[in-house]
Every structure is written in structure tokens, then in C-alpha cells.
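> Shown below is the structure under consideration.
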Amino acid sequence: MRDIRLHDTLSGELRTLEPRQPGRVGIYACGPTVYERVHVGNARPFVVFSLLKRFLEHEGHDVLFVENVTDVNDKIYAAALAAGVPSADLARQMTAAFVADTDRLGLGRPDVEPLATESVPEIVGLILALVDRGHAYEAGGDVYFRVRSHPGYGKLSNRPLDDMVQGEDDDPARPGLKESPQDFALWKAHKEGEDTAWPSPWGEGRPGWHIECSAMAEHILGLDFEIHGGGSDLVFPHHENEIAQTEAGRGAPLARLWMHNGMIRFEDEKMSKSLGNIRSLAGALDQSGRDALVMYMVSGHYRQPIAFSPEALEEARRSVGRIEELSRRLDPEGPEPQGLDTYVDRFFDALADDFNTPAARAVLFDWVGEANRRADAGERPGVGRLRDMLWTLGLEALLDRPGTAQGGPPPQVERLLVARERARADGDFAEADLRREDLRTLGWEVRDTPQGPQLLPVR
RNA sequence: GGCGACGUGGCGGAGUGGUUACGCAGCGGCCUGCAAAGCCGUUUACCCGGGUUCGAGUCCCGGCGUCGCCUCCA
């Protein structure tokens, strides 16, 4: 088991992962608010933390990966109202769509995907603790976190209190509820036009955004759990508030390590629903397939922003092709060629160093090049631990998808191939090339090998 | 303005104080009837200016530029 170092936003440095119990790691990542289909940007933390889980499992850890779904929120109310449907129905639909879209990534599901609306008792419990300890107060049916009561506030995002003004539920219709402009809502009283509400000691209402994650993470993973993650846009105020809520309410840290992924950019700006520069995850998957999309995601370091474009996906698709080409030459049952074990070590060492997927990917391609050389020299290299490396990057399917015909090419294609072979035997290469063009038109590429012609579906 | 991060070869993108990252694309070669795939080779890479050092893309200082957060946001 390697020492695994990860960048911790709270301390600003790389820190070695030190689980509460050796070998057991809890990960909580903030998931989407479901008021429309998720976009490529929303998929990044899903991919990053799903793959981080795989790596940790490879290293022998038992991982519990939690990603929540925020299914009650102002935007959901607004979108439901605009669509003329009950907000709970819209949230349910969009949650199902999120699951369906992310399923297509082929990375499995998080172990737990809690919903805010199903966690109200835990949320109310945490708010009660905060009120009890003097860190929260009721005002007009709302409950607010008293930011000035918590000295550590601001430590994650490293900003002085006086510089921030939070708008959360600063209802212009009801001014003066908050003691201080920085205070943020833990519980929001039911408002006209909102079609869902839950009972609470402060009357009918619903949870604020930040509190749900504090409550659900604690409920499922316990306090002081190993890794809390999410997009870098959540550092302030969302994660700052999560930290404050749990530390003020429980007197203990929420998580040991705070990881943040960089934003996906599109058309020179952060891809986001508010800006409207969105490409849907489903659309990207339709366009280039999950292999290319996953390759695209791991091609950049998780903390760096990455630009999204059709060209970037196309480039990722081509690099995926290089692995597919190799997989045709490998013995799926065989051990890796001699001497390539050092590559495997370097691969996982790179991941242990702040989950450096681009560096790991480079080592992977070193392996590919070396295996190709062995194959050129007449060996039949085995897959060996290439499968482990690819699995860790979510690309293991490339080994089982060598692009050969499922069930063989249709008779028409076979006939053309025979015709081409006959023409070649006769030395009539013009005719042979015509037949090759015909095959390409039908979606089949011919490659002549020492073992005879090989038919492959055109990529 | 405050906080955080970043500026690397045609493009994407890692990186250690001193030696080929890697991928995509281009060019030349090997292989092939020709291709494809693969292999080999290849195009003065490190924003600018100082400094430290025997030596800096890699550390320090100062610029310039870009991005994210500071309101909902993965």
C-alpha cells in the first residue's frame, strides 16, 4: 500500500492520506442540483472521485463513496413553476436523468447517493445542535447560522469576514431578519408558491443548501472522515459553510482532507448553467462515446481547468484508438511482457502523487509503445497489469472492445473482400483498390497482414 | 480591490535545480503492390525583466497576461 498524497485546500498543501481506521476511506463529493439535465462540467467530480475510489481500492483500501443529490432548492421551484409541474416530480425526473446520464460513463455508481429531501431528520438534528450551542438563531420561521459566533469561519477560503456578503435567502421582501449580512440560512420558512415543505421545530419549511451536506456526510460517514470533495467553485461559500456548521455544531471537524477539482471551460469561460454555455453530458457521450470522454477527463490534472471542445474530444478519441490498436495485438490471458513491471509501478506512483492522471497516462502510453515494439519483434505480449492500469483510469473496456466484428462481417462484405483478394492475386491492383473503397463505404477497413487481410469496422 | 491558481514545443498536457515526458497533428524513413496499423527519426519548448547558483522552465523579486471564487454554480 503506497503513501497517498493529496492536495488539501484547507491547509493549502499536499497531505498524506491518513484514514481514521487504516484501510478504510470515506469520500463525500457534492453532486448536482437537479433542475435540468447535467452538463459535462457536472460530470467532472463524478469522474474524478469515481476514479479516485478505484485507485484507492487498487491500493487496498475499503472505500465508501458518497455523492449527494440536491433535490430541493430555489432553482428547482422556479424550473418546475416554469414547466408547470410539481417540483418534486421535476426533481425526481432530473435525478433519474442524472443517474441515467452518469451510468453511461460506465464507472459504476457511488455507494450512497443521498437526497436532501430524505435527510430532513438529520438536517433538523444538526440545526438544533447549532441553535443549542448559540451558533444559530430563528428569525421569522427561518433559521440562520450566526457566522460571527464561529471564530474559524473563513479558514477554508482564506478570506476575512468583513469582505463577504452572503445573499443566501436574504429575502428582499423580508429585510432585517439576519443579525449580520454574512449569516446564511440553515432552514427556510415555507413561502408562497413553494409546493413542498417539511415540519420542523420552527414551523413548515425546507433545508438550506449548505446544511444538507454537513448532515448527510456526518450521518453516512461520521465526523472527521477522510476526503471531502467537489468543484473548486464550491470552496466558498458552500464548503466554508459546511465546515463551520459541523465544527460549531459538533465540536469536531467534518473531514480531514478537502479536495477540489478545476472547472471545465467552454468557449473561454467556465461551463455553467447560469452562464448558459453548456454542453450536456448526454450530448457529449452521443458525440464521442464514453471512452473518449473519460480519456479527455483524465488527460488533465484534476485540479487544473480543462477546456471542452469537439476538437479536444476528437483528440481524446484518437489517443483511445492507440490503445485499441494495441489491444488487438495482446494476449488477453497472458502476463505482461518482462521488464514492464517498472512501468506499472511508475503508473501507480504517479497516482499516489496527488492523483496525477496525466502523468499516469503518459506511463501507460510508454507501456503501449514498448508492447508494440515487442509485438513488432514477433512476441505476443500479454495484457498483464495493463488491465489494472486501464481499470484505474476507467478505460478497461478498451481491452474488450478491440473493434473486431461482432458475429463477423455480413456476407456482402465477405464477398467484396474475396473479390479484392482475387484481384490482388491477379495483380489487378486498380480493381483491388476499388473493392477496398467499396468496403470502406460499407463501413469496413481492410488491413493486409502477414496472416492475410483483416477486416475492421471503420472508426 | 481581496483570496486562490495558472502562463511549457503547431495543439493538448506532465515535470525534477543539471539527461527523450506523454498524447494529437505535420514532415522524412522502415514495412506494404499501394495503403492502414506499428516502429524509427524529426521540427532553436518552457510569458517578460532582474537575482541566487558552477548550472533554472524548475528557487527568489518585480512586471505583463489569463482563469476561478468573493451572488446561485461541479
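In short: position in the first sequence from 1, add 5, done, that's this note's numbering.
Idealized CB from N, CA, C, for every residue including glycine.
Go through its chain and collect everything with a Cβ distance to Ser219's Cβ below 7 Å, but skip five positions before and after it.
Counting from 1 along the first sequence, the entry for residue 219 is found at position 214. So the qualifying residues of the chain are Leu131, Glu247, Gln250, Thr251 and Leu259.
> Can you have a look at Ala410 and say buried or exposed, based on whether 16 or more other CB atoms are within 10 angstroms of its CB?
For the purposes of this step, residue 410 is identified with residue 405 of the first sequence, where counting begins at 1. With a pLDDT of only 48 at Ala410, under 50, the local geometry of the prediction cannot be trusted, and no value is derived from it.
> Output the boundary residues of the beta strand (DSSP E) element that contains Ile311.
For the purposes of this step, residue 311 is taken as residue 306 along the first sequence, with counting starting at 1. Taken as a continuous stretch (DSSP letters only), the beta strand (DSSP E) holding Ile311 covers Ile311 to Phe313.
> Does DSSP classify Val30 as helix, strand or coil?
Stepping through the first sequence from its first residue, residue 30 is reached at position 25. Correct three-state label for Val30: strand.
> Can you give me the start and stop residues for the alpha helix (DSSP H) that Glu223 sits inside?
Walking along the first sequence from the start, residue 223 turns up at place 218. Note, Glu223: alpha helix (DSSP H), Trp214 to Leu226.
> List, from N- to C-terminal side, the alpha helix (DSSP H) runs of 4 residues or more that fit wholly inside the segment 46-117.
Listed in chain order, the complete alpha helix (DSSP H) runs (minimum 4 residues) inside the segment 46-117 are 79-88 and 92-108.
> Would you tell me roughly how many angstroms separate the C-alpha atoms of Val68 and Leu11, rounded to the nearest one?
Residue 68 sits at position 63 when you count from the first residue of the first sequence. Residue 11 sits at position 6 when you count from the first residue of the first sequence. The alpha-carbon atoms of Val68 and Leu11 are separated by roughly 16 Å.
> Taking one C-beta from the segment 229-236 and one from the segment 260-276 each time, how about it: are there three or more such pairs within less than 8 Å?
Result yes; three or more Cβ-Cβ pairs closer than 8 Å.
> Is Met264 helix, strand or coil by DSSP?
By one-based count along the first sequence, residue 264 stands at place 259. Of the three classes helix, strand and coil, the one that applies to Met264 here is strand, per DSSP.
> DSSP on Phe353, reduced to helix/strand/coil?
Here the question's residue 353 lines up with position 348 in the first sequence. If DSSP states are grouped into helix, strand and coil, Phe353 belongs with the helices.
> Where does Trp207 sit, in a helix, a strand or coil, going by DSSP?
Taking the first residue of the first sequence as position 1, residue 207 is located at position 202. Looking at Trp207 - three-state DSSP - the assignment turns out to be coil, as it is neither helix nor strand.
> Hey, could you find the ends of the beta strand (DSSP E) Val451 is sitting in?
Numbered from its first residue, the first sequence carries residue 451 at position 446. Residues Trp449 to Thr454.
> So, is Met276 buried or exposed, given that buried needs 16 or more other C-beta atoms within 10 angstroms?
By one-based count along the first sequence, residue 276 stands at place 271. With 16 or more other Cβ atoms within 10 Å, it is buried.
> Are there 16 or more other CB atoms within 10 angstroms of the CB of Thr21, so buried, or fewer, so exposed?
The sequence position of residue 21 within the first sequence is 16, counting from 1. Under this definition Thr21 is an exposed residue.
> Does the structure place the segment 39-55 close enough to the segment 298-316 that three or more beta carbon pairs sit under 8 Å?
The segment 298-316 is in contact with the segment 39-55.
> Distance, Cα to Cα, Thr107 vs Leu286?
Sequence index remark: in the first sequence, residue 107 carries index 102 (1-based). Sequence index remark: in the first sequence, residue 286 carries index 281 (1-based). Distance between the alpha carbons of Thr107 and Leu286: 8 Å.
> Taking Arg109 as the reference, which of Phe434, Ala367, Arg385 and Ala289 has the closest Cα?
Counting from one through the first sequence, the residue named residue 109 turns up at place 104. Looking at the Cα atoms, Ala289 is the closest of the given residues.
> For Leu398, which residues from the same chain have a beta carbon less than 6 Å from its beta carbon, with the 5 sequence-adjacent residues on both sides left out?
As a working note, residue 398 is residue 393 in the first sequence. Excluding sequence neighbours, Leu398 sits near Val303.
> Going straight from the alpha carbon of Leu447 to that of Val418, what length do you get?
The sequence position of residue 447 within the first sequence is 442, counting from 1. The sequence position of residue 418 within the first sequence is 413, counting from 1. When rounded, the distance between both Cα atoms is 8 Å.
> If you count every other CB in all the chains shown that lies within 10 Å of the CB of Asp350, and 16 or more means buried, which is it?
Walking along the first sequence from the start, residue 350 turns up at place 345. Exposed, since its Cβ has fewer than 16 Cβ neighbours within 10 Å.
> On the DSSP bridge assignment, give the partners of Glu18 in chain order.
The residue you call residue 18 lines up with position 13 of the first sequence. Asp13, per the DSSP bridge assignment.
> To the nearest angstrom, how far is the alpha carbon of Ala87 from that of Met268?
Along the first sequence, read from residue 1 onward, the residue named residue 87 stands at position 82. Along the first sequence, read from residue 1 onward, the residue named residue 268 stands at position 263. So the alpha carbons of these two residues sit roughly 29 Å apart.
> Just how far apart, CA to CA, sit Lys193 and Asp79?
Here the question's residue 193 lines up with position 188 in the first sequence. Here the question's residue 79 lines up with position 74 in the first sequence. Each residue's alpha carbon lies about 11 Å from the other.
> Using the rule of at least 16 other Cβ atoms within 10 Å of the residue's Cβ for burial, across every protein chain shown, is Val423 buried or exposed?
Within the first sequence, the letter at position 418 stands for residue 423. By the 10 Å Cβ count, Val423 comes out exposed.
> If we count the other Cβ atoms within 10 Å of its Cβ and call it buried at 16 or more, is Ser55 buried or exposed?
Here the question's residue 55 lines up with position 50 in the first sequence. Classification of Ser55: buried, given that the 10 Å Cβ count is 16 or more.
> Within the same chain, show all residues whose beta-carbon is closer than 7 Å to that of Val368, passing over the 5 residues directly before and after it, in chain order.
In the first sequence, residue 368 corresponds to position 363, counting from 1. The residues are Tyr348, Arg351, Phe352 and Ala355.
> Given a cut-off of 8 Å on the beta-carbon distance, is the pair Glu384 and Pro340 in contact?
On the first sequence, residue 384 is found 379 positions in, with the first residue counted as 1. On the first sequence, residue 340 is found 335 positions in, with the first residue counted as 1. No, the pair does not count as a contact, with Cβ atoms beyond the cut-off.
> What residue range does the beta strand (DSSP E) around Ala144 cover?
Within the first sequence, numbered from 1, the residue matching residue 144 stands at position 139. Run containing Ala144: Ala141 to Ala144, per the beta strand (DSSP E) assignment.
> Taking 8 Å as the cut-off, decide whether the C-beta atoms of Pro24 and Val71 are in contact.
Position 19 of the first sequence holds residue 24. Position 66 of the first sequence holds residue 71. Taking 8 Å as the Cβ cut-off, Pro24 and Val71 do not qualify as a contacting pair.
> In terms of residue numbering, what span does the beta strand (DSSP E) encompassing Phe241 cover?
Position 236 of the first sequence, counted from the first residue, corresponds to residue 241. Neither: Phe241 is in no beta strand (DSSP E) and is coded neither H nor E.
> Please report the straight-line C-alpha distance between Ala357 and Ala365, rounded to a whole angstrom.
In the first sequence, the residue the question calls residue 357 occupies position 352. In the first sequence, the residue the question calls residue 365 occupies position 360. Approximately 10 Å, taken between the alpha carbons.
> Give me the residue from Ala141, His244 and Gly181 with the minimum Cα distance to Ser162.
Position 157 of the first sequence, counted from the first residue, corresponds to residue 162. When each option's Cα is compared against that of Ser162, the closest is His244.
> The beta strand (DSSP E) with Gln417 in it runs from where to where?
Locating residue 417 in the first sequence gives position 412, where the first residue counts as 1. No beta strand (DSSP E) holds Gln417; the alpha helix (DSSP H) holding it covers Pro416 to Ala430.
> With which residues is Leu461 paired in a DSSP beta bridge?
Working through the first sequence from its first residue, we reach residue 461 at position 456. Paired residue(s): Glu450.
> By how many angstroms is the C-alpha of Gly344 removed from the C-alpha of Trp372?
Against the first sequence, residue 372 aligns to sequence position 367. Against the first sequence, residue 344 aligns to sequence position 339. Rounded to the nearest angstrom, the two C-alpha atoms are 10 Å apart.
> Give the secondary structure of Gly374 by DSSP, where H, G and I count as helix, E and B as strand, and everything else as coil.
Walking along the first sequence from the start, residue 374 turns up at place 369. DSSP places Gly374 in helix when its eight states are reduced to three.
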